[in-house]
Structures are given as C-alpha cells and as structure tokens.
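Everything on this sheet refers to the single structure shown next.
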Amino acid sequence: MSESRPRPQFGEYASPEEQRARIAEPIDEQRAEELGIAPVVPVERQPRQQQEPTLREQTREQGAVQPGAPTVAARRPVAGDRIATSILLGLGLVGLIVTMPGLLDLPGLIRPALVQMGVSGYSSDGLASAMGILALGLQIALWVGAIILSSRSLRAGRLTFWIPLVAGVAANLVVVICLAVAMGADPAFMEYVRSQQP
398 MSESRPRPQF GEYASPEEQR ARIAEPIDEQ RAEELGIAPV VPVERQPRQQ
448 QEPTLREQTR EQGAVQPGAP TVAARRPVAG DRIATSILLG LGLVGLIVTM
498 PGLLDLPGLI RPALVQMGVS GYSSDGLASA MGILALGLQI ALWVGAIILS
548 SRSLRAGRLT FWIPLVAGVA ANLVVVICLA VAMGADPAFM EYVRSQQP
C-alpha cells in the first residue's frame with residue numbers, strides 16, 4: 398500500500414518561488430543566486446504586459462466578460478423615473494413655500510378655524526407658535542433629505558420616485574401631528590370636544 402502525502406494546507410509543497418510570489422516577498426537577483434532560485438518580483442513591480450488585465454481591459458479586448466468574472470452593473474436610470482422624481486421634488490418645494498406663512502403664524506391659522514367651529518378663546522399661542530416652527534423645520538429637513546437621497550439614488554441607477562413621495566407623506570403627517578398637539582393642548586378646544594360627546 399503506497400503512502401499518500403497529506404493534503405497541503407499552507408503551501409507546504411509549493412516551491413520557494415511559488416511561496417514568495419504568493420506572499421509578494423521580493424527577492425533580488427543577488428539573494429536569489431545565493432539561494433539557487435529565480436528572483437521574485439512583486440506584482441506591482443512587474444512590467445505592465447506581465448500584470449493580469451483588469452476587467453475593463455478584458456471586456457475591451459474580448460468584447461464580453463468571461464463567465465465567472467466579477468461584473469459591476471452600472472444601470473442607467475429610467476427617464477420616466479427621473480422626470481417623476483423631479484416633478485415630485487418640485488411639488489414638495491411648492492407645498493413647502495405655500496405652507497410656510499401659515500406655519501410661521503400657526504395661532505393665526507388655528508383661531509379662525511376654531512371660530513368657524515364655534516370655539517372662541519384660544520389661548521395656547523406660545524405652544525402653537527413652537528409647533529408651527531417645529532413643523533416647518535421638519536418639512537425643510539425632509540425636503541432637503543429627499544433631494545440628497547434622490548440624487549444619490551439616480552446616480553446609482555436605482556428606482557427613485559418613491560423617495561420624494563415618502564418624504565411628502567411624512568411632511569404632511571408632521572404638520573397634522575403638530576397641529577393636533579397645538580389644538581389639543583388648548584382648554585377651550587378640549588371643552589368643545591367634550592361638549593360634542595354624547
């Protein structure tokens with residue numbers, strides 16, 4: 398029965414040249430002559446024609462990437478997605494500009510609405526002003542964030558229209574929540590709500 402060598406794990410059976418080439422340890426000609434082996438030149442020092450061609454060079458030379466070679470898919474964004482994203486971002490800006498005066502004077506926006514409902518004596522002006530400024534700041538942050546994320550997504554070639562759409566929904570929710578807090582903290586409004594309950 399013949400003895401078979403154990404399976405190599407760390408390159409035990411590789412020649413010194415193969416081992417040094419793997420670990421990129423350079424051996425100059427004088428040291429190689431002393432050891433009686435061929436000199437080893439690191440990959441970065443090899444002449445250009447001896448280096449392995451890059452993926453781009455392979456593609457240019459062969460017209461296609463070889464099977465199994467890593468590929469980086471650079472997708473181009475769909476024109477309709479780019480247009481939809483731009484329109485939604487534009488609508489977000491228009492909505493921001495339109496709601497800005499009302500949010501900066503939220504007590505002046507709430508008081509006439511409550512008067513129409515039959516509620517008078519709104520007294521939470523300080524809270525309403527703070528909620529209006531908070532809502533405006535969050536709307537601006539969401540719009541700027543939507544622009545940044547959309548531009549990155551478009552550059553990466555991904556579907557993007559949903560980003561400004563989600564930011565717009567979030568901005569509207571922020572306004573509704575801040576308005577509800579400003580109105581719900583007012584005693585006159587809460588008295589009106591209690592009077593409407595059976």
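Residue numbers (my numbering): 398 to 595.
Just so you know, even glycine gets a beta-carbon here, dropped at the ideal spot from N, CA and C.
Just so you know, these numbers come straight off a predicted model, no measurement behind them.
| said: What would DSSP say about T557, mapped onto helix, strand or coil? | reply: coil
| A527 versus S517: straight-line alpha-carbon distance, rounded | 21 Å
| task | Use the C-beta contact count for M580: other C-beta atoms within 10 angstroms, 16 or more gives buried, fewer gives exposed. | result | buried
| request: Would you kindly work out how many angstroms separate the C-alpha atoms of L500 and A567, rounded to a whole number? | output: 16 Å
| request: Buried or exposed for G565, please, with buried defined as at least 16 other CB atoms from any protein chain shown within 10 angstroms of its CB. | output: buried
| task | Grab the span of the alpha helix (DSSP H) containing P380 for me, first residue to last. | result | With the chain running from 398 to 595 in the structure shown, residue 380 is simply not present.
| Among residues of its own chain, excluding the 5 on either side of M397, which ones have a beta-carbon nearer than 8 Å to its beta-carbon? | Past the boundaries of the shown model lies residue 397; the chain is included only from 398 to 595, so the question cannot be answered.
| said: Taking the beta carbon of A577 as the centre, do at least 16 other beta carbons fall within 10 Å, making it buried, or is it exposed? | reply: exposed
| Taking Cβ positions, are P561 and A585 nearer each other than 7 Å? | no
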